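Visitor: First to last, the protein sequences are chains A and B. Numbering follows numbering that gives the first Met the number 0, with no gaps: position 277 of the first sequence is 276. Numbering follows numbering that gives the first Met the number 0, with no gaps: position 12 of the second sequence is 11. Where a beta carbon is used, it is the ideal one built from N, C-alpha and C, also for glycine. Computed from a prediction, not measured in an experiment: that's the story for all the values here.
Protein chains: 2
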Amino acid sequence: MTPSTAPIVDGSSRLLPIVGDPIAQVKSPEVWSAMFRLHGINAVCVPVHVRPDGLAAFFRAARGLENLCGVIVTIPHKVAALELVDDLSDRSRLARSVNFVAFRADGRWLGDTVDGTGFVDNLRTGGDDPRGMRVLLVGSGGVGTAIAFALADAGARELVVYDVDERRASDLAARLRAAGYEATTGMPDPAGFDLVANATPMGMQGDDPLPMDVERIAPGTVVADVIVEGSRFTRLAEVHGCRVYVGSGMMNHQLAPMAEHLGYGHLDWSAETVTRVASALRP
Amino acid sequence: MTPSTAPIVDGSSRLLPIVGDPIAQVKSPEVWSAMFRLHGINAVCVPVHVRPDGLAAFFRAARGLENLCGVIVTIPHKVAALELVDDLSDRSRLARSVNFVAFRADGRWLGDTVDGTGFVDNLRTGGDDPRGMRVLLVGSGGVGTAIAFALADAGARELVVYDVDERRASDLAARLRAAGYEATTGMPDPAGFDLVANATPMGMQGDDPLPMDVERIAPGTVVADVIVEGSRFTRLAEVHGCRVYVGSGMMNHQLAPMAEHLGYGHLDWSAETVTRVASALRP
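1) Counting only runs that start and end within the segment 4–85 of chain B, where is the alpha helix (DSSP H) found for 4 or more residues in a row?
2) How far does the beta strand (DSSP E) with residue 110(A) in it extend, from its first residue to its last?
3) Please confirm whether residue 175(B) has its beta-carbon closer than 8 Å to some beta-carbon of chain A.
4) Secondary structure at residue 133(A), three-state DSSP: helix, strand or coil?
5) Use the C-beta contact count for residue 131(B): other C-beta atoms within 10 angstroms, 16 or more gives buried, fewer gives exposed.
6) Which ranges would you report for the alpha helix (DSSP H) in the segment 181–264 of chain A if only whole runs of at least 4 residues count?
7) Which partner residues of residue 87(B) appear in the DSSP bridge assignment?
8) If we call anything under 8 Å between Cβ atoms a contact, is residue 257(A) one with residue 99(A)?
9) Ends of the beta strand (DSSP E) at residue 175(B)?
10) The alpha helix (DSSP H) that contains residue 149(B), what's its start and end?
11) Starting from residue 45(B), find everything on chain A with Cβ-Cβ shorter than 8 Å and list it in chain order.
12) Note down the Cα distance separating residue 42(B) from residue 255(B), rounded to an integer number of angstroms.
13) Measuring straight from C-alpha to C-alpha, what distance separates residue 59(B) and residue 54(A)?
14) Let me know the secondary structure DSSP gives residue 101(A) once reduced to three states.
15) By Cβ distance, which residues of its chain are closer than 6 Å to residue 159(A), with the 5 residues on each side in sequence left out?
16) Hey, could you find the ends of the beta strand (DSSP E) residue 158(B) is sitting in?
17) Considering residue 278(B), what are the terminal residues of the alpha helix (DSSP H) in which it resides?
18) Could you compute how far the alpha carbon of residue 179(A) sits from the alpha carbon of residue 92(A)?
19) Against chain A, with Cβ distances strictly below 8 Å, would residue 52(B) count as a contact?
20) Quick one: what's got a C-beta closer than 7 Å to residue 0(A)'s C-beta in the same chain, skipping five residues either side?
21) Using a C-beta cutoff of 8 Å, does residue 275(A) count as contacting chain B?
22) Within 8 Å (strictly less), CB to CB, does residue 48(B) reach chain A?
23) What whole-angstrom Cβ distance do residue 209(A) and residue 174(A) have, given they're in contact under 8 Å?
24) Going straight from the alpha carbon of residue 113(A) to that of residue 145(A), what length do you get?
The structure is reproduced here in structure tokens:
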């Protein structure tokens with residue numbers, strides 16, 4: 000069978016939609032579909048471009064479909080999805096964000112988020128355990144919030160949160176403190192931190208401003224970004240001698256906990272394997 | 000790039016869902032996806048298992064999606080879909096059946112059916128023009144009705160319609176007559192016809208009864224069936240010396256008129272090419 004005709008989808012295929020707006024930039028369809036194929040699972044991850052005003056209708060329709068295996072939720076739907084599921088995992092409730100919907104055996108839909116655990120696991124795989132670290136977090140939206148709670152849960156000593164929306168930042172800091180963690184708001188000045196993280200979309204466009212002043216980051220600092228392929232910021236940080244992590248690593252660490260929900264947890268979804276498969280997909 | 004990792008779907012892929020219940024048996028995902036790939040079109044046909052009570056919700060949701068290129072409708076939704084589109088083609092109105100939804104530039108949804116034209120074009124490609132033929136049609140549901148009008152339109156001399164649901168058969172015959180064609184109801188006795196067609200699902204299961212008595216078909220008669228891979232009926236007819244057409248041929252002739260709706264009419268969707276691509280997909 001030649002590559003040009005090898006079927007990846009047939010009538011029996013189950014679907015794992017990823018819903019977002021925009022959608023063209025997502026890497027999940029390629030990575031998940033390649034991993035399904037690797038494991039001999041007849042399923043395919045498909046991009047579904049849902050406008051915000053169409054999300055509720057999409058969820059209503061999805062409940063009537065028989066061959067979905069779950070739903071991956073991405074920007075800008077992670078908060079709205081909170082209201083569209085039946086139950087929330089503890090981390091989704093804390094993060095006020097859903098990036099995966101799992102279908103339970105009893106028919107109830109569970110909203111979960113693995114953004115935070117993906118972020119932390121990515122650092123750990125690279126040898127940078129956040130335990131004891133002082134963290135500057137820029138961005139306190141859905142992803143930033145998930146990351147904040149996962150870092151706190153992983154033993155980060157202190158979190159300083161910055162957001163252009165000051166109220167959103169102070170709200171997150173207050174919720175972290177209410178959960179028993181050390182957290183304050185502050186300016187996006189990276190000097191003196193062990194870990195600085197960009198959880199804003201800044202860097203998705205090539206000419207976006209930097210989320211913080213790279214010159215103020217000490218060489219050797221851990222710098223992490225949620226932008227999939229990294230950005231001008233992460234490239235400058237790398238040149239500056241920082242230890243850099245980008246969004247693709249965070250994403251590649253999310254498949255294992257999602258696959259657990261899908262009932263495929265016994266197979267190999269290690270970041271090492273996912274990264275190898277994802278690398279092979281690059282042209 | 001190896002076959003096992005060649006991506007067929009990424010974030011930019013457009014989706015062509017086929018909705019049905021059941022769905023596992025459909026061949027459209029493989030055939031369409033292979034044809035899209037052949038033509039370098041970034042789109043994928045995906046099976047969507049929609050229960051009848053979920054069809055309206057699916058259509059409502061689909062209207063809010065930005066990356067669908069159309070919707071293929073199959074059993075048992077072809078009649079219900081009539082009410083879920085904005086406009087109907089003449090042949091859909093006559094056949095009271097929709098098997099394809101095209102999105103017009105002005106945002107309106109057009110329901111069309113190419114079951115009939117696919118059936119007739121398949122016969123013609125095989126050298127059997129229905130013009131002047133006496134036809135026995137068994138089955139007067141959505142597909143049967145579409146086939147009846149297409150055969151009449153192609154110049155069939157007379158249609159005799161049989162259905163276990165007598166009222167449905169006489170209703171179809173009356174509508175054919177109202178449109179100016181020669182049509183009556185009759186028993187499923189194939190003796191004396193030039194063309195006998197099975198447009199019922201009989202034969203989808205291996206132990207289904209035969210739709211008519213094969214012994215009563217004269218050798219050389221044209222026998223056509225809508226069952227994709229044929230059935231015990233078509234295999235017996237073949238042994239009996241009939242000229243046999245099965246559903247896959249009818250289906251392979253439907254891509255061209257559907258692709259026209261998708262804006263890809265200038266590319267090669269000839270049944271010859273589709274059949275070659277479909278054959279290459281078989282394991």
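Guide: By the coordinates alone:
1) Counting only runs that start and end inside the segment 4–85 of chain B, the alpha helix (DSSP H) elements of at least 4 residues fall at 27–37 and 54–61.
2) That run of the beta strand (DSSP E) goes 108–111.
3) Cβ-Cβ to chain A under 8 Å: no for residue 175(B).
4) Three-state DSSP puts residue 133(A) in a strand.
5) The residue in question, residue 131(B), is exposed, as its Cβ has fewer than 16 Cβ neighbours within 10 Å.
6) Within the segment 181–264 of chain A, the runs of alpha helix (DSSP H) at least 4 residues long that lie entirely inside it are, in chain order, 231–238, 246–251 and 254–261.
7) Per DSSP, 110(B).
8) Taking a C-beta distance under 8 Å as the contact criterion, residue 257(A) and residue 99(A) qualify as a contact pair.
9) Bounds of any beta strand (DSSP E) do not take in residue 175(B); it lies within the alpha helix (DSSP H) bounded by 165–177.
10) Going by DSSP, residue 149(B) is part of the alpha helix (DSSP H) stretching over 141–152.
11) Near residue 45(B) (Cβ distances below 8 Å), the residues of chain A are 8, 12, 14, 43 and 45.
12) Between the C-alpha atoms of residue 42(B) and residue 255(B) there is a straight-line separation of about 16 Å.
13) Between residue 59(B) and residue 54(A), the C-alpha separation is close to 11 Å.
14) In the structure shown, residue 101(A) sits in a strand (DSSP, three-state: E or B).
15) Around residue 159(A): 135, 183 and 185.
16) Residues 157–161.
17) Its alpha helix (DSSP H) spans residues 270–280.
18) Our two residues, residue 179(A) and residue 92(A), have alpha carbons roughly 16 Å apart in a direct line.
19) With 8 Å as the cut-off, residue 52(B) counts as an interface residue toward chain A.
20) At residue 0(A) the pLDDT is 31, less than 50, meaning the model places this residue with poor confidence; the figure from the coordinates comes in the next sentence. Residues of the same chain with their beta carbon placed closer than 7 Å to that of residue 0(A) are lacking, with the five preceding and five following residues left out of the count.
21) So, not an interface residue.
22) Residue contact with chain A for residue 48(B): present (Cβ-Cβ distance below 8 Å to some residue of chain A).
23) For a cut-off of 8 Å, the C-beta gap from residue 209(A) to residue 174(A) is around 27 Å, too long to register as a contact.
24) Residue 113(A) and residue 145(A) have their C-alpha atoms some 8 Å from each other.
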